[in-house]
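**Student:** In our numbering, the protein residues as written are 17 to 88.
Cβ coordinates follow ideal geometry from the N, Cα and C atoms, glycine included.
Since the model is a prediction, treat every value here as computed from it, not as a measurement.
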Amino acid sequence: KETVFHIEARAILEGLRIAWEKGYRQLEIDCDNALLVESVLTGSAASSNLVELRVINVYLKKNWKTRICHIP
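1) Residues bridged to I87 by DSSP?
2) In the structure shown, what three-state DSSP assignment does E44 receive?
3) Taking all protein chains shown into account, do 16 or more other C-beta atoms lie within 10 angstroms of the C-beta of V53, making it buried, or fewer, making it exposed?
4) Can you tell me the Cβ-Cβ gap for I72 and A25, rounded? I've got them flagged as a contact below 8 Å.
5) What span of residues does the alpha helix (DSSP H) with W80 cover, start to end?
6) Looking at A50 and L43, is the spacing between their C-beta atoms short of 9 Å?
Here you go:
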């Protein structure tokens with residue numbers, strides 16, 4: 017069974033993928049999952065067991081401006 021964390025990580029990844037493919041080079045992501053935002057911002061996503069987090073990290077390192085924010 018998938019967790020909310022996993023589902024939200026997949027949603028962010030899909031948004032990043034679509035934005036990149038459509039040619040956007042500046043993107044702001046709002047997320048209400050504080051743990052997910054912290055995982056991405058601290059770099060722990062790069063070594064995560066969750067594939068989606070590792071791929072999010074790869075996308076964020078591409079040649080574009082991204083910002084991820086926690087919204088309560």
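**Tutor:** By the coordinates alone:
1) Answer by DSSP bridge pairing: none, since I87 is not bridged.
2) strand
3) Under a 10 Å Cβ-count criterion, V53 is classified as buried, with 16 or more other Cβ atoms of the shown protein chains found around its own Cβ.
4) 7 Å
5) From DSSP, W80 is part of no alpha helix (DSSP H); its letter is neither H nor E.
6) no
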